[in-house]
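The sequence shown begins at 1 in the numbering used here and counts up by one.
Here a beta-carbon is modelled for each residue, glycine too, at the ideal position from N, C-alpha and C.
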Amino acid sequence: VQLPNVGMAIMRTDWTRDAVWCLLEAAPFGFGHQHEDKLEVLFQAYGSSFLTEAGTNAYDDSPLHRYSLSSFGHNTVLVDGCGQNRRARYSRKDLRTDVSAGMYWRSNDIFDAAQGVYNEGYGENLLPVVHTRRVLFKQSETGFPFVLIIDRLENTDQQPHQYQAVWHMEDLPITLEKTQAYICAMNGASLVWQVAVPPVCTP
């Protein structure tokens, strides 16, 4: 399911409570509910959350509330230890809800694919790095799909940068083995989380 103007794609095996699903969020900054979370991925299977986020808390100026609004509290990427900073250039009058948010989407009987782009700067200096994230959700005859998250980061200032992918995993039993993490879900099922390669830096 794609919501083109909202900038969200939801990929799932079925519509039951125990379905396996993931969501790619590539929405505009919004009118009031504003998180620096573009390109976040959420993932759930068998009624259990695997990839979650910082959640909600009191609407105050506490460090916890600021954390929950920032990129640090979501499953996205940091550049040189800095999060997204759409707020720096935000103008409510520029926000359009009647046009597409620019998300790529393709769906057929074999797989779903969604892609979004973040290009609005990182940190106070608005570091000019473009983050492109694609999520592939391939259906499986066994009922558990193959989910692939591909990140590409390209700088436009010809300077080196450090990239860090942030993942908020639910508090579930985890077994680590080299580049793989086996996460126990409900009904004794396991999710295999595999890190293939680091994000790509294009000088």
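Should Pro4 be labelled buried (16 or more other beta-carbon atoms within 10 Å of its own) or exposed?
Start at 1 with the first residue of the sequence shown, and residue 4 comes out as number 4. Note on Pro4: under 16 other CB atoms within 10 angstroms of its CB, so exposed under the neighbour-count rule.
Along the chain, where does the beta strand (DSSP E) that runs through His131 open and close?
Residue mapping note: residue 131 aligns to position 131 of the sequence shown, counting from 1. Here the beta strand (DSSP E) through His131 covers 129-138.
Are Trp15 and Gln44 close, meaning C-beta to C-beta below 7 Å?
Counting from 1 along the sequence shown, the entry for residue 15 is found at position 15. Counting from 1 along the sequence shown, the entry for residue 44 is found at position 44. No, the Cβ-Cβ distance between Trp15 and Gln44 is not below 7 Å.
Using only the alpha-carbon positions, how far apart do Met8 and Ile110 sit?
In the sequence shown, residue 8 corresponds to position 8, counting from 1. In the sequence shown, residue 110 corresponds to position 110, counting from 1. Going from the Cα of Met8 to the Cα of Ile110 covers about 20 Å.
Val79 beta carbon less than 7 Å from that of His161:
Here residue 161 refers to the residue found at position 161 when the sequence shown is read from its first residue. Here residue 79 refers to the residue found at position 79 when the sequence shown is read from its first residue. Closer than 7 Å, so yes.
Name the one or two DSSP bridge partners that Leu42 has.
For the purposes of this step, residue 42 is taken as the residue at position 42 of the sequence shown. Leu23, per the DSSP bridge assignment.
Between the Cα of Gly81 and those of Ser68, Tyr163, Arg87, Gly30, spot the shortest distance and give me the residue it belongs to.
Position 81 of the sequence shown, counting from 1, holds the residue named residue 81. The option with the nearest alpha carbon to Gly81 is Tyr163.
Hey, how far is the Cα of Ala165 from the Cα of Ala114?
What you label residue 165 is simply residue 165 of the sequence shown in a count that begins at 1. What you label residue 114 is simply residue 114 of the sequence shown in a count that begins at 1. Roughly 18 Å between the two C-alpha positions.
Can you tell me whether Leu126 is helix, strand or coil according to DSSP?
Translated into the one-based positions of the sequence shown, residue 126 becomes position 126. Reduced to three states, the DSSP call for Leu126 is coil.
How should Gln158 be labelled, buried or exposed, when 16 other C-beta atoms within 10 angstroms of its C-beta is the threshold for buried?
Here residue 158 refers to the residue found at position 158 when the sequence shown is read from its first residue. Classification of Gln158: exposed, given that the 10 Å Cβ count is below 16.
Mind checking who Val166 pairs with in its DSSP beta bridge?
Along the sequence shown, one-based indexing puts residue 166 at 166. In the DSSP output, where bridge partners are listed per residue, Val166 has none listed.
Per DSSP, what kind of secondary structure is Arg152 in: helix, strand or coil?
Mapped onto the sequence shown, residue 152 falls at position 152. Residue state, collapsed to three classes: strand.
Taking only the alpha-carbon atoms, compute the straight-line gap between Ala19 and Arg12 and give it to the nearest angstrom.
Within the sequence shown, the letter at position 19 stands for residue 19. Within the sequence shown, the letter at position 12 stands for residue 12. Approximately 7 Å between the Cα atoms of the pair.
Suppose you measure from the CA of Val6 to the CA of Pro28; what does that come to, to the nearest Å?
As a first step, residue 6 is located in the sequence shown; it is residue number 6 there, counting from the start. As a first step, residue 28 is located in the sequence shown; it is residue number 28 there, counting from the start. Between Val6 and Pro28, the C-alpha separation is close to 7 Å.
Leu64 and His35: beta carbons closer than 7 Å?
Along the sequence shown, one-based indexing puts residue 64 at 64. Along the sequence shown, one-based indexing puts residue 35 at 35. No; because the gap between Cβ atoms is not below 7 Å, this pair is not in contact.
If you check the beta carbons only, do Val117 and Thr132 fall under 7 Å apart?
As a position in the sequence shown, residue 117 is number 117, starting the count at 1. As a position in the sequence shown, residue 132 is number 132, starting the count at 1. Contact: yes.
Among Ala88, Arg86, Glu40, Leu51, which one has its Cα closest to the Cα of Glu170?
Taking the sequence shown and counting its residues from 1, one reaches residue 170 at position 170. The residue with the shortest Cα to Cα distance from Glu170 is Leu51.
In its own chain, which residues sit with a C-beta less than 8 Å from the C-beta of Tyr90, not counting the 5 before and 5 after it?
Along the sequence shown, read from residue 1 onward, the residue named residue 90 stands at position 90. Same-chain partners within the cutoff: Phe29, Gln34.
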